[in-house]
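A.B. asks: Here full-length UniProt numbering is used: position 219 in the sequence shown is 219, and no number is missing along the way. The following block contains the structure, expressed as structure tokens.
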Amino acid sequence: MMATEPASLESLCVLYQSEDYIVVDKHWDIRIDSKMWYEKQTVQAQLRHHFPQLADPSTYYGFRFCHQLDFSTSGALCVALNKAAAGRAYCCFKDRTVTKVYLALLRGWVEEETQTLDFSIGKNSTEGKTHMMCIEGTEGCVNPKPCQTELIVLEYGMYDGDPVTKVLLQPLTGRTHQLRVHCSAISHPIVGDFTYSSGTDDAPYRMMLHAHLLHIPLELQPLHVTAGDPFVPSTDPKWVPERSLRTLTATVESLLERRVEQDRKSKEEERKREVERRKQSKKQRTEEESDEQRRQCQEWLTEWAGD
Numbered sequence: 001m002m003a004t005e006p007a008s009l010e011s012l013c014v015l016y017q018s019e020d021y022i023v024v025d026k027h028w029d030i031r032i033d034s035k036m037w038y039e040k041q042t043v044q045a046q047l048r049h050h051f052p053q054l055a056d057p058s059t060y061y062g063f064r065f066c067h068q069l070d071f072s073t074s075g076a077l078c079v080a081l082n083k084a085a086a087g088r089a090y091c092c093f094k095d096r097t098v099t100k101v102y103l104a105l106l107r108g109w110v111e112e113e114t115q116t117l118d119f120s121i122g123k124n125s126t127e128g129k130t131h132m133m134c135i136e137g138t139e140g141c142v143n144p145k146p147c148q149t150e151l152i153v154l155e156y157g158m159y160d161g162d163p164v165t166k167v168l169l170q171p172l173t174g175r176t177h178q179l180r181v182h183c184s185a186i187s188h189p190i191v192g193d194f195t196y197s198s199g200t201d202d203a204p205y206r207m208m209l210h211a212h213l214l215h216i217p218l219e220l221q222p223l224h225v226t227a228g229d230p231f232v233p234s235t236d237p238k239w240v241p242e243r244s245l246r247t248l249t250a251t252v253e254s255l256l257e258r259r260v261e262q263d264r265k266s267k268e269e270e271r272k273r274e275v276e277r278r279k280q281s282k283k284q285r286t287e288e289e290s291d292e293q294r295r296q297c298q299e300w301l302t303e304w305a306g307d
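Below, the structure written as structure tokens:
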């Protein structure tokens, strides 16, 4: 299937499959699931079409999606095939030990090559924009929460004659539309993002945001899957790279190494905290025992004095 063609029931790309999980490369113009009767093209429908025997009738959709991707975002999407597997993956997402890496083409040339985007994000309550999110301080922003995204520039080039920057994005938190809102906040919206360009960026055939890598550190065997790179000239000739700063492979490897080191330090700190908690607990028990011993001694002395 050509990259610019819409999704179909047959166009499901499976990246990984085991007894517990399936990871698919989600198409760029398809919802994960939908309760609307008229929406026939969903990832859930694709899974039912390809794997009817794996659908769980006890769930609403038949499959347990471990996380979400926007309608316009492509890439690695993990599906749990049973309740226990879903629970294990959920714990990793809840504890923020999952590593997700996205690729994107941004409007303009991003000058700062590596940066942390730190904007709190909340729902937009403005009439006509309630389907959108916005950064704290924006008129109509409701209940903003802290959000952080790591941005690393990979290449500078042109897309359909306009300057763009190819970047790697790593969300450190998980708010709705986080990457799209953060990129827009630094005046470099994602190419083809119709919603956060106020409806002006409608020429590209898709929004250029792709979930490239998913790493879930499951206890028995980590799940590590990559979904390729759709933003290359051979796939989309309108993208013309002009200057490369770093390769995708080396950048991802460095990022994963850093994440492993961060996790190691976190576990070491947690171990030290646990040792300290045990020491405090033991000290408290010892003090309580000493208090009890002193009380008993006092009772004995009182009894002897009475004799």
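We treat Cβ as the ideally placed atom computed from N, Cα and C, and that holds for glycine. Predicted model, so just to flag it, every value in this text is computed and none were measured.
#1: Touching or not, the segment 48-64 and the segment 9-24, by the rule of three or more beta carbon pairs under 8 Å?
#2: Looking at the unbroken alpha helix (DSSP H) that takes in Pro83, where does it start and where does it end?
#3: Going by C-alpha distance, which of Ala89, Lys166, Asp236 and Pro57 is nearest Gln221?
#4: Pick from Ser184, Ser266 and Val167: whose alpha carbon is nearest that of Asp229?
#5: Who does Val98 pair with in a DSSP beta bridge?
#6: Please report how far the alpha carbon of Ser290 lies from the alpha carbon of Arg264, in whole angstroms.
#7: With a Cβ-Cβ cutoff of 8 Å, do Leu81 and Ile32 count as a contact?
#8: Just mark Asp307 as buried or exposed, buried being the case when its beta carbon has 16 or more other beta carbons within 10 Å.
#9: Going by alpha carbons, who is nearest to Ile135 out of Lys129, Gly128, Arg243 and Lys123?
#10: Can you tell me where the alpha helix (DSSP H) with His224 in it begins and where it stops?
#11: Quick one: is Phe194 buried, meaning 16 or more other Cβ sit within 10 Å of its Cβ, or exposed?
#12: I need the DSSP call for His182, collapsed to helix, strand or coil.
#13: Can at least three beta-carbon pairs, one atom from the segment 112-129 and one from the segment 53-70, be found at a separation below 8 Å?
C.D. replies: Considering the structure as presented:
#1: Because the criterion of three Cβ pairs below 8 Å is met, the segment 48-64 and the segment 9-24 touch.
#2: The identity of residue 83 in the sequence shown is Lys, whereas the question assumes Pro. Per DSSP, Lys83 belongs to the alpha helix (DSSP H) from Lys83 to Lys94.
#3: Relative to the Cα of Gln221, the nearest Cα in the group Ala89, Lys166, Asp236 and Pro57 belongs to Ala89.
#4: Val167
#5: In the DSSP output, where bridge partners are listed per residue, Val98 has none listed.
#6: 39 Å
#7: no
#8: Low confidence applies to Asp307: its pLDDT is 47, below 50, so where it sits in the model is not reliable, and the reading given next is rough at best. That one is exposed.
#9: Lys123
#10: Not the alpha helix (DSSP H): His224 falls in the beta strand (DSSP E), residues Leu223 to Thr226.
#11: exposed
#12: helix
#13: No, the segment 112-129 does not touch the segment 53-70.
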